[in-house]
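Trainee: Next up is a structure, given as structure tokens.
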Amino acid sequence: MSSRADVVLDTVGRDSLARSYAVVKKGGIVTTIASRPDQAQLDKYGIRAHVDLEPLTDAVKASQQAETHHTRGKLVLKIEDEPTN
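Here this note's numbering is used: the first residue of the sequence shown is 955, the next is one more, and so on.
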């Protein structure tokens, strides 16, 4: 049984992302919302990456809006559309 992961979700970036490559099994995937993956490391370990930095940008904007205390109602952070059948 392999002790490597199929998927790693990185929300921190920097050193956390760098350490993630070695723990993902070949053919697995690293998903990050914090930084850009190193293509050389992806190739070295035979893994893929999915990068989604947009929710992070929107989350920062929502947080800044909330800090103003001038928002009426609730702020909604939409991450992804639900698939339609």
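Using N, Cα and C, we set each Cβ at its ideal position, and we do this for glycine too. Since the model is a prediction, treat every value here as computed from it, not as a measurement.
What does DSSP give as the partner residue(s) for residue 963 in the beta ladder?
Mentor: As a first step, residue 963 is located in the sequence shown; it is residue number 9 there, counting from the start. Partner(s): 985.
Trainee: Do the CB positions of residue 1019 and residue 1031 come within less than 8 angstroms of each other?
Mentor: On the sequence shown, position 65 is the one that residue 1019 refers to. On the sequence shown, position 77 is the one that residue 1031 refers to. Their beta carbons are not under 8 angstroms apart, which means residue 1019 does not touch residue 1031 by this criterion.
Trainee: Do residue 961 and residue 986 come within 8 angstroms of each other at the CB atom, strictly closer than that value?
Mentor: On the sequence shown, residue 986 is found 32 positions in, with the first residue counted as 1. On the sequence shown, residue 961 is found 7 positions in, with the first residue counted as 1. No, these two residues do not count as a Cβ contact at 8 angstroms.
Trainee: Can you tell me which of 998, 1004, 988 puts its alpha carbon nearest to the alpha carbon of residue 967?
Mentor: Your numbering for residue 967 matches position 13 in the sequence shown. Checking every option, the nearest Cα to that of residue 967 belongs to 988.
Trainee: Please give the ranges of any beta strand (DSSP E) in the region 996-1034, keeping only runs that are unbroken, at least 3 residues long and fully inside the region.
Mentor: Counting whole runs of 3 or more residues, the region 996-1034 contains the beta strand (DSSP E) stretches 1002-1005.
Trainee: In terms of residue numbering, what span does the alpha helix (DSSP H) encompassing residue 969 cover?
Mentor: Indexing the sequence shown from 1 puts residue 969 at position 15. Its alpha helix (DSSP H) spans residues 968-974.
Trainee: Within the same chain, show all residues whose beta-carbon is closer than 6 angstroms to that of residue 1006, passing over the 5 residues directly before and after it, in chain order.
Mentor: In the sequence shown, residue 1006 corresponds to position 52, counting from 1. Closer than 6 angstroms at Cβ, skipping near neighbours: 987.
Trainee: State the Cα-Cα distance for the pair residue 969 and residue 1023, rounded to the nearest angstrom.
Mentor: As a first step, residue 969 must be located in the sequence shown, where it is residue number 15. As a first step, residue 1023 must be located in the sequence shown, where it is residue number 69. When rounded, the distance between both Cα atoms is 35 angstroms.
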